[in-house]
Structure formats: C-alpha cells, structure tokens
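Which chain is which? The protein sequence lines are A and B, in order. Every letter in the first sequence is one number past the one before it in the working numbering, and letter 28, counting from 1, is 71. Every letter in the second sequence is one number past the one before it in the working numbering, and letter 102, counting from 1, is 145. Ideal placement from N, C-alpha and C gives every residue a C-beta, glycine not left out. Encoded as structure tokens, the structure appears first; notes follow it.
Protein chains: 2
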Amino acid sequence: MPSKPLPPITMDAVYAAPGYLFRRMQQIAVSIFMEECKAFDLTPVQYAALIAIHTHPGIDATRLSAVIAFDRSTLGSVIERLQSKHFVERKPAPEDKRIKLLYLTKSGAAILREIIPAVERAQARMLAPLKPSERKALMELMTQLVDLNNEVSRVPLRAEDALEHLGKAG
Amino acid sequence: MPSKPLPPITMDAVYAAPGYLFRRMQQIAVSIFMEECKAFDLTPVQYAALIAIHTHPGIDATRLSAVIAFDRSTLGSVIERLQSKHFVERKPAPEDKRIKLLYLTKSGAAILREIIPAVERAQARMLAPLKPSERKALMELMTQLVDLNNEVSRVPLRAEDALEHLGKAG
DNA sequence: GCTAGATCGTCAGTATACTGTCAATCTATA
DNA sequence: TATAGATTGACAGTATACTGACGATCTAGC
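Written out as structure tokens, the structure reads:
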C-alpha cells in the first residue's frame, strides 16, 4: 500500500484557504471604497494617511508609516501625491534636519470632513451581506487576529510606541 | 444648540474599520506566505495560478483570471514570470488564433507538489493565534462574505461560469 | 459573404507593497 | 571630542492591482 495517500490537488486548495479569502476580501473592499469615494479622488491609503496626520499633526513619515501600518518606502510617494493635491504640507523640523513634519492644509482638513460619510457608506457596504450579529462576530475576530499577528509583517514600530516621543500632539 | 454634533475624528475611524482590518490582514497573510515559501521563490498569486492551471490544463488567460479572481491585465506578467521560470508553457489554440492555452511543465508540476506543505504551514500560521472554534467561525464568515460580495469587483466571470466551455478538462 | 459587435492578449498609465541600499544626520559611548 | 552605530528620507528594483485603450480575431445577424 502507498505510504502516504496524497490528497488530490483541487481548487479548494485555493478557495478554502485563508490567504485567498483575505486577498479576495481586500480586493472587494478596495473596489467598494473607490466606488463610494470616486468623487474625491482619494485611495484608501491616502484616506488613512489624512486621518493620521489630522490626529497627529507634525508627525513624520516614519512614525506615520507605523501608525497606519504602511510600508515606509511606499509612503514617500503617497505623501507626494497628497502634497501635489495640496492636502498635506511638509515642513522641515528645526531640531532634526533629517525629518520633515507633516501637516494637513485647510483643503486637506476640508476634504477629510467631506469624505467621511462616503467612507462610512463604503465600510457599511463591505459587511452589508452579513447579518448584524455576524458582522459583529467577524469584526471581533479580525481585530483579534490582526492584533495577535501584529509582529509578523514589516511595520517597524507598533502604532502606540510610534507616538511616544511626538511631544504634545499625542 | 449645534445642528449636528460631528463625532471627533480619531484613529478608530481607521483601526475599527473593516477596510483597514482586511488590508492589514492581507498584508500579514502575504508576509507569512513569503516567509514559509521563500525557498521556492513563488508569490501567492503565482501559486494560485499554478494550482488553477494544474486543475484545468489548457485553460486560457482570461478564464484563468476569473478562476483565481485576478485582474486580466496583470495576469499577463504573472504568466510571463512563470514561463521564464519554466513552470508554465503557452501553446496557440488551433481553433482560435487569439487564444494561448496554458499548461504546466514537468518542473511546474514538481514544484507544486513540493510547495504544498509549505503553503499549508503558512495558511495554518495565519490563523494560529485563534482558538480552533474561532478559526472555523472566521473562515465560515469570510467564505460567506466573499461569496455574497462576489459581483462587486471587476472579475469578469464567476469562476464556475468561466469553465463552461473548457471542453473535457472541466 | 459582410459587417457590427464581442472577445482575446497586450500595452500604457497610475497606485500600492515589499526588499535592499544609500547619503545625510543624529546620538551614545569611549 | 571623535566616532561607531542608529535613524531618516530617498531611491532602485520587483510584483501586484486596477482603468482604459488597442489591434487582431471571432461570431451573429443580415
């Protein structure tokens, strides 16, 4: 008899795998976000960056990347795009010549206020097919899983630690 | 009194939002996959493509994109990379000059057999922080949600429909 | 048999996402 | 105070991901 009856390879190796479900759901989430927010010409990551800069004015790019769990290398170009749309400005830090501090412009703060209802519609639509109790259960499990897996990917600092030395704007 | 007491904008608008959790979890999932599979130099998408071509030999690129829910435009370069690694070959379809049929090479089939244990380790690690009952609940909710949201993003055909005319290899 | 419309693979363009590297700068220590 | 090591923003390189457009080709309806 065969020593190891290998299971046959089927598409279930893909469809039932957590990795596929996470990729597919991310795809769907971005698609819904872009649909609801197309009037604002902002991507999900740009939105997250605006929220974070609004919450922590004067944050620098490295700490911002930790706060929104976004790769530092890519963040430069994201900030550049926000800057070219005049939603964000960069000022050199007086006490450290390496750092550039990030601030929302007036129109950056304005678009943030305007886009929030659309973002909330998008977030609601992502979970709309589920029953309320299921939505709650899914969000709790995802929050837990993301939290417990937090050290895995390359985010250099945990979000809380990232803000330790940010002066008064914590 | 104010007409509309806007809630203050905090980072919870990001952290508690489904969109953030899906993006972050996708990030973590890819990171774990690459870590477990680094000996094979295959990305998650390339792995899914190999599985699909193995399961449906002679599939064309458009149908493949539907089966693995992957954008048609990008798939060209994915196939190219698989071809340059000699894991996949493309043959012109005799009855339709537009189409190129996809097949695994011997070394493509071999690497698929070899990588599967590593992929299974990766998939297990993604959910490892949860209790078994929670894993099951999360996978059921995610499967349901992806299924019910299936029409949202740009996949041109549902996976089942994509294979209707694929001859005997269904 | 001709042609309007659909489909195929491909390309250009934009935006993530990651690894690795670099010069400029800062900091802690000897 | 000289300097080794760490940090910062920037860049090159690779790989997704999507929109929109294109020529080649196929198919239906006439």
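Beta-carbon contacts of residue i that lie in its chain and below 8 Å, excluding the five residues immediately before and after
{"i": "His129(B)", "result": "Thr148, Ser150, Gly151"}
{"i": "Ile96(A)", "result": "Ile102, Leu107, Val131, Leu145, Tyr146, Leu147, Gly151"}
{"i": "Val162(B)", "result": "Phe76, Glu79, Cys80, Tyr90"}
{"i": "Gln69(A)", "result": "none"}
Pick from the options that is closest to residue i, judged by C-alpha positions
{"i": "Lys81(A)", "options": "Leu173(A), Met185(A), Pro160(A)", "result": "Pro160(A)"}
{"i": "Leu144(A)", "options": "Phe76(A), Asp204(A), Ile102(A), Glu78(A)", "result": "Ile102(A)"}
{"i": "Pro87(A)", "options": "Val57(B), Ala167(B), Gly119(B)", "result": "Val57(B)"}
{"i": "Pro61(A)", "options": "Phe113(B), Phe65(B), Gln89(B)", "result": "Phe65(B)"}
{"i": "Ala153(A)", "options": "Arg164(A), Leu93(A), Lys134(A)", "result": "Leu93(A)"}
{"i": "Val121(B)", "options": "Val110(B), Pro175(B), Lys134(B), Ala104(B)", "result": "Ala104(B)"}
{"i": "Glu78(A)", "options": "Gln166(A), Ser176(A), Glu194(A)", "result": "Gln166(A)"}
{"i": "Leu170(A)", "options": "Gln187(B), Ile158(B), Ala180(B), Lys174(B)", "result": "Gln187(B)"}
{"i": "Lys174(B)", "options": "Lys179(A), Leu173(A), Leu184(A)", "result": "Leu184(A)"}
{"i": "Asp114(B)", "options": "Ile71(A), Phe113(A), Ala109(A), Ala112(A)", "result": "Ile71(A)"}
{"i": "Tyr63(A)", "options": "Ala112(B), Tyr63(B), Val195(B)", "result": "Ala112(B)"}
Contact set between residue i and chain A, taken where Cβ atoms lie within less than 7 Å
{"i": "Arg67(B)", "result": "Ala112, Val189"}
Beta-carbon proximity list for residue i, same chain, < 7 Å, skipping 5 on both sides
{"i": "Glu123(A)", "result": "none"}
{"i": "Val73(A)", "result": "Pro87"}
{"i": "Ile158(A)", "result": "Cys80, Phe83, Leu85, Tyr90"}
{"i": "Ala212(A)", "result": "Confidence is the limiting factor: at Ala212(A) the pLDDT is only 37, short of 50, which leaves the residue's position unreliable, though a coordinate-based value still follows. Excluding sequence neighbours, Ala212(A) sits near His99, Pro100, Gly101."}
{"i": "Pro172(B)", "result": "none"}
{"i": "Arg164(B)", "result": "Glu79"}
Interface partners of residue i on chain A, CB under 9 Å
{"i": "Gly151(B)", "result": "What Gly151(B) touches in chain A: nothing, since even the nearest Cβ is about 12 Å away."}
{"i": "Ile94(B)", "result": "Ile52, Thr53, Met54, Ala56, Val57"}
Length of the line joining the Cα atoms of residue i and residue j
{"i": "Leu118(B)", "j": "Lys140(A)", "result": "44 Å"}
{"i": "Leu155(B)", "j": "Leu191(B)", "result": "30 Å"}
{"i": "Met182(B)", "j": "Arg67(B)", "result": "17 Å"}
{"i": "Pro135(B)", "j": "Gln126(B)", "result": "14 Å"}
{"i": "Asn193(B)", "j": "Ile142(A)", "result": "44 Å"}
{"i": "Val195(B)", "j": "Glu138(A)", "result": "49 Å"}
{"i": "Ile52(B)", "j": "Val110(A)", "result": "15 Å"}
{"i": "Lys179(B)", "j": "Asp55(B)", "result": "27 Å"}
{"i": "Glu177(A)", "j": "Arg133(B)", "result": "44 Å"}
{"i": "Glu203(B)", "j": "Ser116(B)", "result": "21 Å"}
{"i": "Ala59(B)", "j": "Pro50(B)", "result": "15 Å"}
{"i": "Val189(B)", "j": "Val189(A)", "result": "19 Å"}
Chain A contact residues for residue i, given Cβ-Cβ distances below 8 Å
{"i": "Leu155(B)", "result": "Ile52"}
{"i": "Thr98(B)", "result": "Ile52, Thr53, Met54"}
{"i": "Gln70(B)", "result": "Ala112, Ser196"}
Per-residue contacts from residue i into chain B (C-beta, under 9 Å)
{"i": "Phe83(A)", "result": "The contacting residues do not exist; Phe83(A) stays about 15 Å from chain B at best."}
{"i": "Leu173(A)", "result": "Leu184, Gln187, Leu188, Leu191"}
{"i": "Pro87(A)", "result": "Gly62, Tyr63, Arg66"}
Run of the alpha helix (DSSP H) containing residue i, from where it starts to where it stops
{"i": "Glu132(A)", "result": "Unbroken run through Glu132(A) is the beta strand (DSSP E), 131–136; no alpha helix (DSSP H)."}
{"i": "Val88(A)", "result": "87–98"}
{"i": "Leu64(B)", "result": "61–79"}
{"i": "Ile122(B)", "result": "115–127"}
{"i": "Met182(A)", "result": "175–191"}
{"i": "Thr53(B)", "result": "Run containing Thr53(B): none; DSSP gives neither H nor E here."}
{"i": "Leu107(A)", "result": "104–110"}
{"i": "Asp84(B)", "result": "No alpha helix (DSSP H) holds Asp84(B); DSSP gives it neither H nor E."}
{"i": "Ala205(A)", "result": "202–205"}
Contact list for residue i against chain B, beta-carbon separation under 7 Å
{"i": "Cys177(A)", "result": "The sequence given here has Glu at residue 177(A), not Cys. Within 7 Å Cβ-Cβ: Leu184."}
{"i": "Ala60(A)", "result": "Gln166"}
Own chain residues within Cβ distance below 6 Å of residue i, not counting five before or after
{"i": "Arg168(A)", "result": "Ile75"}
Chain B contact residues for residue i, given Cβ-Cβ distances below 8 Å
{"i": "Tyr236(A)", "result": "An answer regarding residue 236(A) cannot be provided, because it is not within the stretch 44 to 213 covered by chain A."}
{"i": "Leu23(A)", "result": "Any answer about residue 23(A) is impossible in this case: the structure gives chain A only from 44 up to 213."}
{"i": "Ala180(A)", "result": "Ala180, Leu184"}
{"i": "Ala271(A)", "result": "Because chain A in this structure spans residues 44 to 213, residue 271(A) falls outside the shown range and cannot be described."}
Residue span of the beta strand (DSSP E) that contains residue i, given as start and end
{"i": "Leu147(B)", "result": "139–147"}
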